[in-house]
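J.: After the structure tokens below, expect a handful of questions from me.
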Amino acid sequence: MMAHALALNGAQKVYILGRRTDQLDSCASASPSIIRPIECDVTSKSSLEDAADIVMSEVGYINFLACNAGTGGPRSFTLPSTGASITEFAKAQWEVDMDEYVDTFRVNTAAVWYTAMAFLELLDAGNKKGNVSWSSQIVATSSVAAFNRATPGNWAYAQSKAGVTHMMKQLATGLVPYGIRANSIAPGVFPSELSAAMVARGPPSREQFPAERFGDEEDMSGVILFMASRAGAYMNGNVVLVDGGSLSVMPATY
């Protein structure tokens, strides 16, 4: 969704990174002269270095970096809200494989950090090139789950996304000397592999989502174009919530 929105609205080149070449090629086919796929494992520092080297050799700079990789992680439906005893609850969480739990942070949090570090010099080069009138920016995809205190069982996912939210706030402050901004998007439910089962059940109720629908490509396109353009140029350290009002009807920290 993000790559298509940028490619159709003025971006000269959009690089997309991922492990699955079939998915990359499918995305790039919509705008083959603009969208450039690069096979890359964002959990590998050497793979990220190789990807950054390709971008450096081909164009030498970027103005905008979107960190959008994610995994759902393990889930446990034995919850206090379902009437589980404290023994049952603790046992269910304890039985979650620790490697699977930690891997959620590896993909959702650590990979965002190392992707940002791999492309910082290219963002700096974008500032120096001055081809646009606003400063370079990192935008990471967090989630409404980062703020939802009543988790439906995806503990690791929510915690890892909360880490992303705070990471972007740290970078917004830490990168001030370099003139590079950092913001995050906190989406609700949008069509994706992670949300396929929920979306397939049909429109949500007003009690769950005041908008009475899930997000779509136009919703996400509008947000990313706002943030990547002059319209969002005065933003730094922000979290843009785009969730159809779902956090307004649940215990949340936003």
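Using the working numbering, you'd call the opening residue of the sequence shown number 187 and step up by one each time. Just so you know, even glycine gets a beta-carbon here, dropped at the ideal spot from N, CA and C.
To test your reading of the DSSP string, which unbroken alpha helix (DSSP H) runs of 4 or more residues are found completely within the stretch 274 to 352?
T.: Runs found: 284 to 291, 297 to 315.
J.: Mind checking if Y201 is an interface residue toward chain B, Cβ cutoff 7 Å exclusive?
T.: Reference to chain B is not applicable here, since this structure consists of a single protein chain.
J.: Which whole-angstrom value describes the C-beta separation of V350 and S328, a residue pair presumed to lie in contact below a C-beta threshold of 8 Å?
T.: 5 Å between Cβ atoms; contact.
J.: Runs of 3 residues minimum, wholly inside the stretch 350 to 395: which ones carry the beta strand (DSSP E) assignment?
T.: If we require 3 residues or more, the beta strand (DSSP E) runs fully inside the stretch 350 to 395 come out as 367 to 373.
J.: Less than 7 Å between the C-beta atoms of A237 and I220, yes or no?
T.: Not closer than 7 Å, so no.
J.: Could you have a look at V245 and say whether DSSP puts it in helix, strand or coil?
T.: The answer is coil: DSSP assigns V245 none of H, G, I, E or B.
J.: Roughly how many angstroms lie between the CA atoms of A189 and G269, to the nearest whole one?
T.: Answer to the nearest angstrom: the Cα atoms are 44 Å apart.
J.: How many whole angstroms separate the CB atoms of G446 and G401, which I take to be in contact at a CB cut-off of 8 Å?
T.: This structure leaves residue 446 out entirely; the chain is present only between 187 and 440.
J.: Quick one: what does DSSP say V228 is sitting in, helix, strand or coil?
T.: In this structure, V228 counts as coil in the three-state DSSP scheme.
J.: Taking its Cβ as the centre, do 16 or more other Cβ atoms sit within 10 Å of R261, making it buried, or is it exposed?
T.: Its Cβ having fewer than 16 others within 10 Å, R261 is exposed.
J.: Throw me the rounded Cβ distance for the S370 and V409 pair, which I believe falls under 8 Å.
T.: Not confirmed; about 11 Å, so no contact.
J.: Does the Cβ of Q198 lie closer than 6 Å to at least one heavy atom of the ligand PLP?
T.: This structure lacks the ligand PLP, and indeed carries no ligand of any kind.
J.: Decide if the stretch 413 to 420 is in contact with the stretch 339 to 358; the criterion is three or more beta carbon pairs, one per stretch, under 8 Å apart.
T.: Segments in contact, no.
J.: Report yes if the C-beta distance between G360 and S321 is below 7 Å; otherwise report no.
T.: Cβ distance not < 7 Å, so G360 and S321 don't count as in contact.
J.: How should V288 be labelled, buried or exposed, when 16 other C-beta atoms within 10 angstroms of its C-beta is the threshold for buried?
T.: Looking at its Cβ environment, which holds fewer than 16 other Cβ atoms inside 10 Å, V288 is exposed.
J.: Would you call the stretch 245 to 258 and the stretch 289 to 296 touching, i.e. three or more CB-CB distances under 8 Å?
T.: With the cut-off at 8 Å, the stretch 245 to 258 and the stretch 289 to 296 touch.
J.: Flag this pair as yes or no: are the beta carbons of F333 and L433 separated by less than 7 Å?
T.: The answer is yes: Cβ separation under 7 Å.
J.: Going by beta-carbon coordinates alone, are T301 and S346 separated by less than 7 Å?
T.: No, they are not a contact pair.
J.: Taking DSSP's pairing of strands, which residues face I221 in a bridge?
T.: DSSP lists V200 as partners of I221.
J.: Quick check on DSSP: helix, strand or coil for L210?
T.: Note: L210 maps to helix in three-state DSSP.
J.: Please determine, among W299, E286, P396, S271, the residue with the shortest C-alpha to C-alpha distance to T229.
T.: Nearest of W299, E286, P396, S271 to T229, Cα basis: W299.
J.: Note the first and the last residue of the continuous beta strand (DSSP E) segment covering V428.
T.: From DSSP, the beta strand (DSSP E) with V428 extends over 425 to 428.
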